[in-house]
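Peer 1: Residue numbers (the working numbering): 11 to 291.
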Ligand SMILES: [Zn+2]
Ligand SMILES: [Zn+2]
């Protein structure tokens, strides 16, 4: 039994996913994926995610603003909390810091201008405070911003509530510090990439009871599906890669990452399959 702990179900291209979302989710269910966390990138997008969750019992959602998203006005702490409560989000996010595109000698770029470091930090800070006040875990997107990400988490997050560093691609030292701060580390299809030896090394060294798995669909399809739009069914490839890397069974990775998911996202437990609830009890 697998959980896709991070997917963007409102961004899947219907043309490439057998015509509709229901079929895409069915394909994942057929491979044993029993829970999906649909992650928000804007507060305005949360209503659409909530509609998907209404239609599918095994979908839960988050509420938050992505660090790279341009917004006309920065939401304050109260409005973040209001949206999260109104739509019954199980987490705040994705929130965080992404300095990658602000680096002077980067070679890639985004179509729109990227929010400055200062804007990103204030946006992240507000979401961390909202999460702490609601006692909800936070889904953190972090890239090329190790020190600032950890400093803000340290200052504003309750380790008893914690969160996850999603689609993790930073170093082992950062992962270990995040674990000390009550966080989980989530690995995506990147762990299967040929040049990802450092990440596989990290996948071996992080305690299994601190790992989550995700697809980040429709982005970052794992080997052997690279280049195609990603889908939640392929979280199984991520689990298989971690199992092979650690020399344990896929079942063990599936069981432990599923238990970890419900341990972190406690508000999702009522939606868990009965067999999972029994195991957690
Ligand atoms: Zn992200
Ligand atoms: Zn994402």
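Cβ coordinates follow ideal geometry from the N, Cα and C atoms, glycine included.
For residue 75, name the three-state secondary structure that DSSP assigns.
Peer 2: Sequence index remark: in the chain shown, residue 75 carries index 65 (1-based). Coil, per DSSP.
Peer 1: In terms of DSSP beta bridges, what is residue 17 paired with?
Peer 2: Locating residue 17 in the chain shown gives position 7, counting from the first residue. Paired residue(s): 48.
Peer 1: Give the straight-line distance between the Cα atoms of residue 276 and residue 259, rounded to the nearest whole angstrom.
Peer 2: To locate residue 276, count along the chain shown from 1; it is residue 266. To locate residue 259, count along the chain shown from 1; it is residue 249. Each residue's alpha carbon lies about 26 angstroms from the other.
Peer 1: Is the region 163-176 close to the region 85-97, with three or more CB pairs under 8 angstroms?
Peer 2: no
Peer 1: Would the beta-carbon of residue 217 fall within 8 angstroms of that of residue 227?
Peer 2: On the chain shown, position 207 is the one that residue 217 refers to. On the chain shown, position 217 is the one that residue 227 refers to. Not in contact: residue 217 and residue 227 (Cβ atoms no closer than 8 angstroms).
Peer 1: Under 8 angstroms between C-beta atoms, does residue 162 make it to chain B?
Peer 2: The structure shown contains no chain B; it is built from a single protein chain.
Peer 1: Are residue 233 and residue 203 closer than 8 angstroms when you measure CB to CB?
Peer 2: As a position in the chain shown, residue 233 is number 223, starting the count at 1. As a position in the chain shown, residue 203 is number 193, starting the count at 1. In contact: residue 233 and residue 203 (Cβ atoms closer than 8 angstroms).
Peer 1: At the level of alpha carbons, what is the spacing between residue 169 and residue 64?
Peer 2: In the chain shown, residue 169 corresponds to position 159, counting from 1. In the chain shown, residue 64 corresponds to position 54, counting from 1. Each residue's Cα considered, the two are about 31 angstroms apart.
Peer 1: By Cβ distance below 7 angstroms, which residues in the same chain neighbour residue 201 in space, the five residues on each side in sequence not counted?
Peer 2: Within the chain shown, the letter at position 191 stands for residue 201. Here the set comprises 209, 210, 213, 248, 251, 252.
Peer 1: By Cβ distance below 6 angstroms, which residues in the same chain neighbour residue 87 in space, the five residues on each side in sequence not counted?
Peer 2: Residue 87 sits at position 77 when you count from the first residue of the chain shown. Only 136, 139, 140 meet the Cβ criterion.
Peer 1: Excluding the five sequence neighbours on either side, which residues of its own chain have a C-beta within less than 6 angstroms of the C-beta of residue 56, listed in chain order?
Peer 2: The residue labelled residue 56 in the question sits at position 46 within the chain shown. Around residue 56: 50, 73, 93, 97.
Peer 1: Starting from residue 106, follow its DSSP beta bridges and name the residues at the other end.
Peer 2: As a working mapping, residue 106 is identified with position 96 in the chain shown. According to DSSP, residue 106 bridges with 151.
Peer 1: Under three-state DSSP, which class holds residue 53?
Peer 2: As a position in the chain shown, residue 53 is number 43, starting the count at 1. It is coil, neither helix nor strand.
Peer 1: For residue 156, tell me which candidate among 144, 186, 115, 148 has the shortest Cα-Cα distance.
Peer 2: The residue you call residue 156 lines up with position 146 of the chain shown. Looking at the Cα atoms, 186 is the closest of the given residues.
Peer 1: Using alpha carbons as the reference points, say which of 59, 103, 44 lies closest to residue 76.
Peer 2: By one-based count along the chain shown, residue 76 stands at place 66. The shortest Cα separation from residue 76 among 59, 103, 44 belongs to 103.
Peer 1: So, using beta-carbon positions, are residue 144 and residue 163 closer together than 8 angstroms?
Peer 2: Counted from its first residue, the chain shown places residue 144 at position 134. Counted from its first residue, the chain shown places residue 163 at position 153. No, the Cβ-Cβ distance between residue 144 and residue 163 is not below 8 angstroms.
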